[in-house]
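Protein chains in written order, with the numbering used here: chain A, 20 to 419; chain B, 4 to 613.
The C-beta atom is built at its ideal place from N, Cα and C for all residues, glycine as well.
Worksheet for the structure shown next.
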Amino acid sequence: MKLRLCLCLAAISVVLSAAGPLRPARRPRYGGTLRVEIGAIIHSLDPTVAAVNPEEAGAKAELDALLYDRRGENGDFVGTAGSGPFRLSAWEAGKSAVFAANEDYREGRPFVDSIEIQMGRSAHDRVLDLELNKADFAQIPAELARQAADRGVRVSASRANELLALVFLTGRGATENARVREAIARCIDRAAIVNFILQKEGEPAGGLLPQWSSGTAFLFSTEADARGAKEIWAQISPSPKLVLGYDSADALEQSVAERIVVDAKEAGISLVSRAIPAPEKAIVHGGSESPAPHSEALHVDARLVRLRMPSPLPSVSLAAFIDRLGPLAGINGSPLPKSASPEDVYDSERSIINGGSVVPLVWLPQVYGLSARVRDWKQPAAGESWPLADVWLDSTTDAH
Amino acid sequence: MTFRSKLFVNFMLALLLSVGLVTAGVTVVTRHAFDEINREHTDALVSQFQKEFERRGHDVLNRVQGIADAEPTVRMAIDLSRPNADISVYVNDARGVAQSHQLNFLDFVGTDGSIISSAEWSARFGYKMEWVTQKEDWATRGSFLMKLDTQDGPALALMAVATVRVGDKDLYVVGGERLGKEFLASLVLPSNMRALLYLNLDPKFEPANLIDSTGPVNEAERFEPVIERERTQPVVQTAKIDWTFDAASAEIFHVIPQLGRQNELLGVLLIGDSQRSVVTLERHILWLAIGVAAIGILFGLMLSWWVAARVTRPVQKLAAGAREVSEGNWNTRVVVRGRDEVGQLAQSFNQMTQQLVDQRERLIQAERVAAWREVARRLAHELKNPLFPLQTTVENLQRASGQNPEQFEEVFRESTGILLSEIENLKAIVGRFSDFAKMPQPELGPVDLNTIVRNVEKLFEAQFSAVGRPPITPELHLAEGLPTIQADATLLRRAVENLILNAMDAMPAGGVLMLRTTNGDGDVHLEVSDTGTGLTPEETERIFTPYYTTKQHGTGLGLAIVQAIVADHGGRISVESETGVGTAFHVELPTRPPHHQAAPVVIEEENEEA
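Okay, here's the thing in structure tokens:
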């Protein structure tokens, strides 16, 4: 009964999320240039050219959403470039791009005349530019949201829709022992990660899906059990020395990995962290990520993985997660249909969690910084792109 | 070996000994001085390091205290003192503050010991640093060494703690500098010195824990005994490591233990002092000393030679003068300048030779008077015998003149016959004296003594076996290879004849006459011996005196002539005799007789360069 009530509340939450916030009472105006800064470096907008890393792939998908009219069934953009709300006006590979409003867009001309996009801006530079009103829109890391808000930046955070998980890689002898995986999973202090590293901008994760989506996340424990971990580890002989990998370009992953190492050390577990260079990291091809062939050579026993929900629907997200984690963690199971029932989703999620190869850590929101003149910004739902065609710029607040 | 050579050798030995002692002394003193300087130098550096270490500690303490006194830290302390304070906002503060204050380690620790923010290991937030909350007065504690856990493993750090107290809650600021290669690189050391640090982080010696300013030290295992001694008993000590067989490769390490708050050994500092420069300098000085010694010896050699020559030259002159005197040249003078002992000796020598000459003159005068007396006596004696018959005969003639003419005629014939006979005797006596007086100066020429002896012996062979007298048996022992001598053959023959005649006179009952020649050192010897009646010691002493004779009818000139001939040839004659056994005459003749100079020999001082 309790499980069903939770599932109903979760469904209502998803519907409300899709409806978006109420529009402001002021009348929109046309014109102006929206200044956007992104951290990724995009080498080409050609859909046939593969991105170098996940960051580029994600950013390229966001820009494609502005240039293309819609997505197809498989999630790829269809139509021709320029059929979307904007057309490419200027392009300097890896540095900047200018998108001009498409007067002939079938859903009507966007409010802003153009969008200037600066690439390769670091997170701290983006926050600084937002603070100095040199940028109108930029995505900022969740761990910097609190700092940015304290510095006067207008921050907009989504629901927690990105999972950071610890994945024990398949085929590693040291982590084949379930007791080893259990000891490490128990020692991790998720609350400390959320409170200190994420500066409370996130949620401890016990399951693969967030509470707002599945309604069953509370059934998965997020408590640390250092004493239990120590007892389990003491029973393992010989105790292995493990290596935890993280993306060398991801500051959050590094911080979390280091914290896990500290937690493990306190439990007596021999675990060290090691950065995985960008070429070694998983590379996204057409929206799907696969492990790099060289990761074997790094002798990494486990690694941190970010899993972003492709859809608010739990079955869809879980299926995507399983597709992503399967090759890494050696998870085998029947494909989860989109129409799977909440009970089936929970069972599948529980099965994966009990397997011990995937240890959910925290849920992260998507955090955006906005300048004061940006109006009618609404948070994109999970799987949706930035709705920049719907925003307009308030002329009463000048840009510097 | 000459006196000069002996003196020179003694000088050289003394010089070598002196130079050797001085060189050895200089080397020992120099080495001692270098060791002392080196020790003082190292002590100063060790002291300097200790001060530098203390200065670093004060610096760390000041920086940590500065952080604690800073406004943001105070605000943090005030914020954290509030109920339900959110400590997460400060989790990243330590890193920036540590960078701005150039600290390797910085932790903000809450009143319960929980780490609020950690610069070096940011992920340690929330965990306890319990030692900070132990009762200790951090304000007076100062800096201290500490072993820390870092992401890369244990590390050694110079730490300090400052406290910010708000109400009843404390905020601890724990900061420090890592003691590693960067710390060692920051130490200013002379080029021949280096600083090593052993991080005592493991239960047993680990070579990788020994570092210098560039990283792990090569051949670190060579330090294991030193480190183990420190681990057993942490005291300041000195150790020497010879890296190769070359003494210059050696390094002297001053080992200084680094203790923690509980006096536990956390690190060992080794200040190495390369001996290369010292050994090189010592070698340089040694070679310099050897060079100077060699020059000194060479100079001393020349100086010794000069001094020896200068000292021995008067002695040599004295020796030459003495040699002249020994050769019979008494009128010899030695000219030596100076009033030292040698000069006085030369003066005494000159006085002595002068006295010898004077005494010889007086002796000659006395002998001359005595000779004249003896001549007069002999003449009187010789002339007296014929004169008496002459007187008697003349008196008989005077008495016979009064007698009848027939008797007178007979007496006259007898008397004139006697007178003529005695007059002949007188003439013979006068002739012998005349011959002795007419002894000519020898005319030198090469002479074979054996030939002369052999010829004279043949001349007398008939007389040796003459009828009516006992036979005399001659024996010749002539040395073969006898060198020829410079002599007057006629005079030498006469001398040999006189010796043989003398021997024959000494053997009226017959006997053996032995003639022996031998080769001496620079002269030839002739021995003429008989088996006659022999001489008494008194006769032996006077045997060569002119006109002295033991015979009834001898003139006493034969042996005197022999002695005169031998002396004129620069030789010497001696006699040895035993009554009833026989007599032997020994003649020594130089192969080359010396020149007789009338003028006195003056041995002048030679030039100094001679």
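For B:Phe108, the nearest beta carbon of chain A is not closer than 8 Å to its own beta carbon. Judged by beta-carbon spacing, A:Ala184 lies beyond the 8 Å limit of A:Val319, meaning their Cβ atoms are not closer than that value. A:Trp110 is bridged by DSSP to A:Ala116. Taking 4 residues as the shortest admissible run, the stretch 336-404 of chain B contains the following complete alpha helix (DSSP H) segments, listed from N- to C-terminal end: 344-403. Residues of the stretch 212-235 of chain A whose Cβ lies closer than 7 Å to any Cβ of chain B, in chain order: Asn214, Phe215, Gln218 and Lys219.
Your pair B:Leu400 and B:Val414 checks out as a contact, with CB atoms roughly 6 Å apart and the cut at 8 Å.
Secondary structure of A:Tyr124 (DSSP, three-state): coil. The alpha-carbon separation between B:Leu83 and B:Asp89 amounts to approximately 7 Å. Between the alpha carbons of B:Leu272 and A:Ala286 lies a distance of about 34 Å. Rounded to whole angstroms, the gap between the alpha carbons of A:Leu261 and B:Lys172 is 40 Å. Contact note: A:Glu277 reaches chain B through Trp124, Ser125, Ala126 and Gln154, using a C-beta cutoff of 8 Å and chain order. Interface flag for A:Glu285 against chain B is set, since a Cβ pair is found closer than 8 Å. Residues of chain A with a Cβ closer than 8 Å to the Cβ of B:Gly129 are, in chain order, Asp208, Ala211 and Phe215. With a 10 Å radius around the Cβ and a threshold of 16 neighbouring Cβ atoms, B:Lys54 comes out exposed. Collapsing the DSSP output to three states places B:Leu187 in a helix. Residue ranges of uninterrupted beta strand (DSSP E) with 3 or more members, entirely inside the stretch 223-250 of chain B and ordered along the chain, are 240-244. About 45 Å separates the beta carbon of B:Ser252 from that of B:Phe11, a gap too long to meet the 8 Å contact definition. Rounded to whole angstroms, A:Ser115 and B:Leu213 show a C-alpha spacing of 52 Å.
Around B:Ser91, the beta-carbon contacts reaching into chain A at under 8 Å are Asn214, Phe215, Gln218 and Lys219. Taking CB atoms only, B:Val282 has no neighbour in chain A less than 8 Å away. Judged by DSSP in its simplified three-state form, A:His318 adopts coil rather than helix or strand.
Annotation: the stretch 317-402 of chain A contains the following complete segments of the alpha helix (DSSP H) (minimum length 4 residues), in chain order: 333-344 and 361-374. Spatial neighbours of B:Asn505 in its own chain (CB-CB distance under 7 Å, excluding positions within 5 residues in sequence) are listed in chain order as Gly561 and Leu562.
Here A:Gln137 carries a strand assignment [DSSP, helix/strand/coil].
Nearest CB-CB separation between B:Val94 and chain A: below the 8 Å threshold.
Interface annotation, A:Val280: in contact with chain B, CB-CB separation under 8 Å.
Bounds of the beta strand (DSSP E) holding B:Phe256 are Glu254 to Leu262.
In terms of Cα proximity to B:Ser120, the closest of B:Thr136, B:Ala101, B:Trp134 and B:Gln137 is B:Ala101. B:Lys172 sits in a strand when the DSSP states are folded into three classes.
Per DSSP, A:Gly234 lies in no alpha helix (DSSP H) segment and is marked neither H nor E.
Exclusion of the five residues before and after A:Asp244 leaves Arg205 and Cys206 as the residues of its chain whose Cβ lies within less than 8 Å of its Cβ. For the alpha helix (DSSP H) assignment, the uninterrupted runs of no fewer than 4 residues enclosed by the stretch 256-295 of chain A are, from N- to C-terminal side, 270-285. Note: A:Trp411 is bridge-paired with A:Arg394 in the DSSP secondary-structure output. Contact check between the stretch 170-190 of chain B and the stretch 283-301 of chain B: fewer than three CB pairs, one atom from each, fall below 8 Å, which does not count as touching. B:Leu204 is a Cβ neighbour of B:Pro157, given a cutoff of 8 Å. Looking at the backbone, the Cα of A:Asp409 and that of A:Pro356 are separated by about 33 Å.
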